[in-house]
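Chemist: The number in this note's numbering is simply the position in the sequence shown, starting from 1, with 7 added.
Just so you know, even glycine gets a beta-carbon here, dropped at the ideal spot from N, CA and C.
What follows is a structure written as structure tokens; I'll ask about it next.
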Amino acid sequence: GGVLKADVTFFGESLPAGALMKATGAVLASSVCLVVGSSLEVAPANMVPGLVRTRFGKIIVCNLDGAGAEKADVLIKGKASEVLPALVEG
Numbered sequence: 008g009g010v011l012k013a014d015v016t017f018f019g020e021s022l023p024a025g026a027l028m029k030a031t032g033a034v035l036a037s038s039v040c041l042v043v044g045s046s047l048e049v050a051p052a053n054m055v056p057g058l059v060r061t062r063f064g065k066i067i068v069c070n071l072d073g074a075g076a077e078k079a080d081v082l083i084k085g086k087a088s089e090v091l092p093a094l095v096e097g
């Protein structure tokens, strides 16, 4: 028996090696950045979505509350488990 840990980065933990560079590359190649479940307050990850604007792209934020609204072009309030399937289905 070892420790079971989700494949996420918790507050205060370091990002996995190369994750920030990979995310930056993906955002710079995109016209839209979808941010789910983040206040966009914690560096350095909070800088990545804004990079889409260098390509005149848009930022869509999905949160239960208004967190991240000031950085969003579109704010969707709701549960990710409900909003994301609806976005995919159109």
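Assuming the contact rule is C-beta atoms closer than 8 Å, residue 18 and residue 68 should be a hit. Round their C-beta distance to whole Å, please.
Modeler: No, residue 18 and residue 68 are not in contact; Cβ-Cβ is about 18 Å, not under 8 Å.
Chemist: When DSSP labels each residue in this structure, what does residue 68 get in the three-state scheme?
Modeler: Three-state DSSP puts residue 68 in a strand.
Chemist: List the residues that DSSP assigns as beta-bridge partners of residue 15.
Modeler: Partner(s): none; residue 15 has no beta bridge.
Chemist: If residue 85 sits next to residue 46, beta carbons under 8 Å apart, how far is it from one beta carbon to the other, in whole angstroms?
Modeler: Contact doesn't hold; Cβ gap of about 16 Å is too wide.
Chemist: Only counting the same chain, and skipping five residues up and downstream in sequence, which positions put a Cβ closer than 7 Å to that of residue 87?
Modeler: Only 43, 44, 69 meet the Cβ criterion.
Chemist: Could you compute how far the alpha carbon of residue 40 sits from the alpha carbon of residue 96?
Modeler: Whole-angstrom Cα-Cα distance: 18 Å.
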